Amino acid sequence: MNVLLIGSGGREHAIAWKLSQSPLLTKLFIAPGNAGTALCGINVPIAMDNFPALAQLVRSEKIKLVVVGPEDPLVKGISDYFKEQDDLRWVGVIGPSAAGARLEGSKDFAKQFMEKFGIPTARYSTFTLGKGNDSIEEASAFIGSMQPPYVLKADGLAAGKGVVILNDPEEAISELREMFAGKFGSAGKKVVIEEFLDGIELSVFILTDGDSWLLLPEAKDYKRIGERDTGLNTGGMGAVSPVAFANPAFMEKVKARIIEPTIKGLQVSGIRYQGFIFFGLINVKGEPFVIEYNVRLGDPESEVVIPRIKSDLLELFIATADGRLNGKQIEISGESATTVMLVSGGYPGDYQKGFPISGLETDTDGIVFHAGTAILEKQMVTNGGRVLALTSLDTTWKKALKKSYKTAKGITFEGVYYRRDIGFDL
Ligand code: AMP
Ligand code: GLY
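With the first letter of the sequence shown counted as 1, position 265 gets the number 265 in this note's numbering; the numbers rise by one all the way through.
Shown next, in the form of structure tokens:
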């Protein structure tokens, strides 16, 4: 079978790496891909939101399955686009309809969904620009009824930057004014204000055909740039899987209170959903709450989750697209996986690209997943903020992490930075 994978990050390299091992795969195309995905298949320089050009590629290469890595094309309706083309309706798409992608694309929609289906999440209220001073006054009253800190979330996609946590009620109101004024563009026309939940976060993933679902390995990611979780938020600086506190008792609660009601909620709402659901959870004294939904795999979580999957992922994707997941099993390795992200100097602020990367040719005791890399005049160079994810596997996460750090020592580029404390809180 010919497959098209959409995306260009570490997550997509991990998916491409796994799919390329499947005996069911004939040709793998990646649009647009990176220097790592080029090792697993054929990169095609088509932008992720150029649906007509992607559709043309699917026609000309007789592609039967499209796997969507990031959220953006899903929120923009790529899955619906394929279903609407008479000759492409039969192409399987891993990734939900635009209606399903609203779970990630609109924080307000996600909160309403959770409220409606009794899924545990922080108490909240949504405020909308255009109601003049009313919404500011209502927000002040709501904030007055809450304990600090206050969590403000721009409703729409804001490249992971749309959440601001503040201790002072007046600062919270001026943040709300800034969001309304366009700090996050149109994403901030609506703002969810919610209660702060104090606990430890983890990422839980399922693959679903809208009816049945399979639980993937859980993971913990490290989002802040600085050690001990300080400084600005990034796309993710490292990850660990499994997560010890996600013990069987906790995971039973996650299944019964969060996963099952989410699937039922999608069905009751008439939302077609074939793909991944990423539950961003927080464990508050042993009780799980949903911080956010994402409609895709995480990055860098994929770089530890996928290497632990022993089953043929392409076979599971085909079953998902065909609505045949019922009765399928997923085999997970008992090994632990860690990944450490090498990033460009200055990231997540301004940074330069195009620095040569050296040390990749040496044999490492793990898997080097590419995120922001490119080939320039036959030389591997940096091409993004997050550059490489160094994944290792071993019997314990501490042993795996040692290997990831050993690999990190051998790879260099100008300005390289990585966190040396991944797993510090486990
Ligand atoms: P999100 O973009 O929704 O993932 O939020 C970014 C980060 O903000 C999360 O990973 C959490 O660390 C934090 N966060 C969001 N909502 C809450 C909340 N209600 N309580 C505590 N932390 C939160
Ligand atoms: N690592 C978090 C995310 O992919 O959103």
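Where a beta carbon is used, it is the ideal one built from N, C-alpha and C, also for glycine.
Just so we're clear, the structure is a prediction, and the values are computed from it rather than from any experiment.
Whole angstroms is fine: what's the gap from T163's alpha carbon to R296's? As a position in the sequence shown, residue 163 is number 163, starting the count at 1. As a position in the sequence shown, residue 296 is number 296, starting the count at 1. Residue identity check: residue 163 is Val in the sequence provided, not Thr. Their Cα atoms are separated by approximately 19 Å.
In chain order, what residues of the same chain lie with their CB nearer than 7 Å to the CB of A16, ignoring the 5 residues before and after it? Numbered from its first residue, the sequence shown carries residue 16 at position 16. Within the same chain, A16 has close Cβ partners L5, L28, I30, T37, C40, G41.
May I ask whether a heavy atom of the ligand AMP can be found less than 8 Å away from the beta carbon of K153? Sequence index remark: in the sequence shown, residue 153 carries index 153 (1-based). K153 Cβ: within cutoff of the ligand AMP.
Compute the beta-carbon to beta-carbon distance between Y124 and E194, rounded to the nearest angstrom, for a pair I have assumed lies under 8 Å. Looking up residue 124 in the sequence shown gives position 124. Looking up residue 194 in the sequence shown gives position 194. Contact between Y124 and E194 holds: CB atoms are separated by about 4 Å, below the 8 Å threshold.
Over the uninterrupted beta strand (DSSP E) stretch that includes V295, give me the two end residues. Translated into positions along the sequence shown, residue 295 becomes position 295. Segment: none, V295 is in no beta strand (DSSP E) and carries neither H nor E.
Contact test: G280 Cβ vs the ligand AMP heavy atom, cutoff 8 Å: If you number the sequence shown from 1, residue 280 lands on position 280. True, at least one ligand heavy atom lies under 8 Å from that Cβ.
Do L393 and S333 have their C-beta atoms within less than 9 Å of each other? Translated into positions along the sequence shown, residue 393 becomes position 393. Translated into positions along the sequence shown, residue 333 becomes position 333. Yes, the pair counts as a contact, with Cβ atoms nearer than the cut-off.
Beta-carbon proximity of G69 to R386, cut-off 9 Å: As a working note, residue 69 is residue 69 in the sequence shown. As a working note, residue 386 is residue 386 in the sequence shown. No.
Take S203 as the anchor and find which of G188, P242, K409 has the nearest alpha-carbon. Counting from one through the sequence shown, the residue named residue 203 turns up at place 203. The residue with the shortest Cα to Cα distance from S203 is P242.
Would you check whether the ligand GLY has a heavy atom nearer than 8 Å to the C-beta of D221? Taking the sequence shown and counting its residues from 1, one reaches residue 221 at position 221. Checking every heavy atom of the ligand GLY against the Cβ of D221, one is found closer than 8 Å.
Spatially closest choice to A337 from W397, G349, G372, I318, by CA coordinates: Mapped onto the sequence shown, residue 337 falls at position 337. The shortest Cα separation from A337 among W397, G349, G372, I318 belongs to W397.
By how many angstroms is the C-alpha of K285 removed from the C-alpha of I330? In the sequence shown, residue 330 corresponds to position 330, counting from 1. In the sequence shown, residue 285 corresponds to position 285, counting from 1. Their backbone Cα atoms lie some 29 Å apart in a straight line.
Hey, quick one: how far does the alpha helix (DSSP H) through A154 stretch, first residue to last? To locate residue 154, count along the sequence shown from 1; it is residue 154. Not the alpha helix (DSSP H): A154 falls in the beta strand (DSSP E), residues 150 to 154.
Using a Cβ-Cβ cutoff of less than 8 Å, which residues in the same chain neighbour A432 once the five nearest sequence positions on both sides are dropped? The shown model of the chain, from 1 to 426, leaves out residue 432, and the question about it has no answer.
Contact between the region 227 to 240 and the region 182 to 192: three or more CB pairs below 8 Å? At 8 Å Cβ cutoff, the stretches do not touch.
Does the region 133 to 147 touch the region 273 to 292, meaning 3 or more C-beta pairs lie closer than 8 Å? no
Answer with buried or exposed for N283, where buried requires no fewer than 16 other C-beta atoms within 10 angstroms of its C-beta. Here residue 283 refers to the residue found at position 283 of the sequence shown. With 16 or more Cβ atoms within 10 Å of its Cβ, N283 is classed as buried.
Buried or exposed, going by whether 16 or more other CB atoms sit within 10 Å of the CB of S186? What you label residue 186 is simply residue 186 of the sequence shown in a count that begins at 1. Result: exposed.
Taking only the alpha-carbon atoms, compute the straight-line gap between E61 and A141 and give it to the nearest angstrom. Translated into positions along the sequence shown, residue 61 becomes position 61. Translated into positions along the sequence shown, residue 141 becomes position 141. If I take the Cα positions, the gap works out to 58 Å.
Can you tell me where the alpha helix (DSSP H) with W213 in it begins and where it stops? For this step, residue 213 is matched to residue 213 along the sequence shown. Run containing W213: none in the alpha helix (DSSP H); it sits in the beta strand (DSSP E), 213 to 215.
For the ligand GLY, is there a heavy atom less than 8 Å away from the beta-carbon of N167? Reading the sequence shown from its first residue, position 167 is the one you call residue 167. N167: no, Cβ never under 8 Å from the ligand GLY.
Specify the secondary structure class of Q379 as computed by DSSP and reduced to three states. Against the sequence shown, residue 379 aligns to sequence position 379. Here Q379 sits in strand by DSSP.
Contact under 9 Å by Cβ, T382 with T373: Counting from one through the sequence shown, the residue named residue 382 turns up at place 382. Counting from one through the sequence shown, the residue named residue 373 turns up at place 373. In contact: T382 and T373 (Cβ atoms closer than 9 Å).
Indicate the three-state DSSP secondary structure (helix, strand or coil) for I456 in the structure shown. For the chain, the structure presents residues 1 to 426; residue 456 sits outside this window and is missing.
What does the Cβ neighbour count give for R102, buried or exposed, with the cut at 16 atoms within 10 Å? Position 102 of the sequence shown, counted from the start, is the residue given in the question as residue 102. Buried: at least 16 other Cβ atoms inside 10 Å.
Where does R59 fall in DSSP's three states? Counting from 1 along the sequence shown, the entry for residue 59 is found at position 59. The answer is helix: DSSP assigns R59 an H, G or I state.
According to the neighbour-count rule (16 or more other Cβ atoms, all chains shown, within 10 Å of its Cβ), is E414 buried or exposed? Numbered from 1 along the sequence shown, position 414 holds the residue referred to as residue 414. Exposed, since its Cβ has fewer than 16 Cβ neighbours within 10 Å.
Looking only at DSSP bridge pairs, what is K220 linked to? The residue labelled residue 220 in the question sits at position 220 within the sequence shown. Assignment of beta-bridge partners to K220 by DSSP yields V240.
Between I263 and D312, what straight-line distance do the alpha-carbon atoms span, to the nearest angstrom? The count along the sequence shown starts at 1 and reaches residue 263 at position 263. The count along the sequence shown starts at 1 and reaches residue 312 at position 312. Rounded to whole angstroms, I263 to D312 spans 24 Å at the Cα level.
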